[in-house]
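Take a look at the structure set out below.
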Amino acid sequence: MIDVRRLQILAEVARHGSFNRAAAELRLTPSAVSQRISALERAVGSAVVERSTRGVELTEAGRLLVASAEAVTAELSRTRKELDRLAHARTDRMTVATFTSGGQRLLPAALRRLAAERPGVEFTVLEQEPEDSLPQVRSGAADLALVYHFDGPPPVGPDDRTGLIWTPLMDDPMFVVLPAAHPLAGRDTLTIAELAGERWVHGCLEMGDMLDRYAAMAGYEPRVACRGTDYVFAQSLVRAEVGISMIPQVALVADQGGLVPVPLTPPGPTRYVGVVTARRRRPDPLTEALLQSLRDTVAALPAAV
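In our numbering, each residue's number is its place in the sequence shown (first place is 1) plus 85.
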């Protein structure tokens with residue numbers, strides 16, 4: 086039998102890359118951490134860490150055990166929530182992590198649908214980027230995460246060892262947002278190649294990196310007026326004619342007075358929106374209900390904004 090506490094200590098060692106830093110986090114002595122890791126190695130019959138002057142690195146066996154530790158910790162956290170629910174008059178509680186534009190455009194309608202079906206549910210919402218929300222689901226701190234990714238594979242693969250499941254919700258196409266008086270505002274579509282010489286307002290740091298890549302393919306270096314981190318702010322600057330912006334459909338503002346969104350055609354990035362949940366022995370009815378509510382919300386979106 087593998088000791089769960091030793092697995093959790095190994096996970097902390099992996100996270101910090103050091104016995105000393107893991108010990109400080111766990112409020113143990115470095116000697117106690119080392120002894121627990123040695124006991125774990127004896128129990129599994131294999132080395133789980135490699136010690137060097139540069140720190141501590143996991144072996145293949147160690148990586149497998151850390152993945153198991155995260156899954157066990159998450160399952161215990163979810164069980165704790167179930168016990169709390171039973172102890173508090175069976176009040177349903179749910180914690181949802183979401184990126185900002187998904188929280189503005191998709192999540193409210195989905196929560197309203199779910200609340201109408203299940204009155205009395207208490208929701209806690211965490212506004213987080215995917216790189217922060219996935220560990221929350223993995224640890225059991227969040228029941229579901231609404232996330233996105235751009236070109237390439239989703240953040241959770243089909244063979245994910247940490248117990249996460251990726252469910253695609255929608256393709257989120259990109260629009261070039263122009264001031265209403267811009268000479269290109271009457272176009273049906275635009276390509277990045279046609280926008281050389283424009284000044285750009287970024288609503289996401291990752292979007293800026295992708296524009297640099299696609300603009301380089303088109304043979305130019307984009308001029309940047311603002312490297313922001315908020316799509317609504319970016320569109321307010323476009324309205325003020327500071328520059329133009331590349332915005333996912335879900336992040337387009339409802340009040341488009343003074344703005345003209347024009348679909349971006351390839352070659353160019355696409356954003357993909359999905360849901361990450363934990364792989365569980367028994368499906369959680371409330372999580373499944375919110376997932377279906379999000380699907381219904383996406384299905385009700387207009388084809389173009």
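Just so you know, even glycine gets a beta-carbon here, dropped at the ideal spot from N, CA and C.
Taking C-beta atoms under 8 Å as the contact rule, Arg91 and Ala124 qualify, at a distance of about 6 Å.
Ser224 places its beta carbon 8 Å or farther from that of Ala128. Contact check between the segment 256–269 and the segment 322–332: three or more CB pairs, one atom from each, fall below 8 Å, which counts as touching. Sorting Leu196, Val347, Ala201 and Gln213 by C-alpha distance to the C-alpha of Ser186 places Gln213 at the top. Within 10 angstroms of the beta-carbon of Pro387 lie fewer than 16 other beta-carbons, which makes it exposed. For Phe104, the enclosing alpha helix (DSSP H) covers residues Phe104 to Leu111. Taking all protein chains in view, the Cβ of Glu283 is crowded by 16 or more other Cβ atoms within 10 Å, so the residue is classified as buried.
For Leu254, no alpha helix (DSSP H) encloses it; the enclosing beta strand (DSSP E) starts and ends at Leu249 to Asp257. Around Arg190, the same chain offers Val335 as residues with beta carbons nearer than 6 Å, after the five sequence neighbours per side are excluded.
Distance from the CA of Leu199 to the CA of Pro370, rounded to the nearest whole angstrom, comes to 11 Å. Short of 8 Å from the beta carbon of Val241, and not among the five residues preceding or following it, lie these beta carbons of its own chain, in chain order: Leu219, Leu249, Ile250, Trp251 and Val361. Just measuring C-alpha positions, the residue of Asp236, Gln221 and Pro268 sitting nearest Ala230 is Gln221. Here Asp257 is buried: its Cβ has 16 or more other Cβ atoms, across all protein chains shown, within 10 Å. By the C-beta density criterion, Arg364 is exposed, having fewer than 16 other C-beta atoms within 10 angstroms. In this structure, the straight-line span from the alpha carbon of Arg380 to that of Ser131 is close to 45 Å. Restricting attention to beta strand (DSSP E) runs no shorter than 3 residues, the segment 188–235 encloses them at 207–212 and 229–234, ordered along the chain. DSSP, read as helix, strand or coil, puts Ile94 in helix.
Closest in alpha carbon position to Asp88, among Gly188, Gly271, Ser153 and Ala319, is Ser153.
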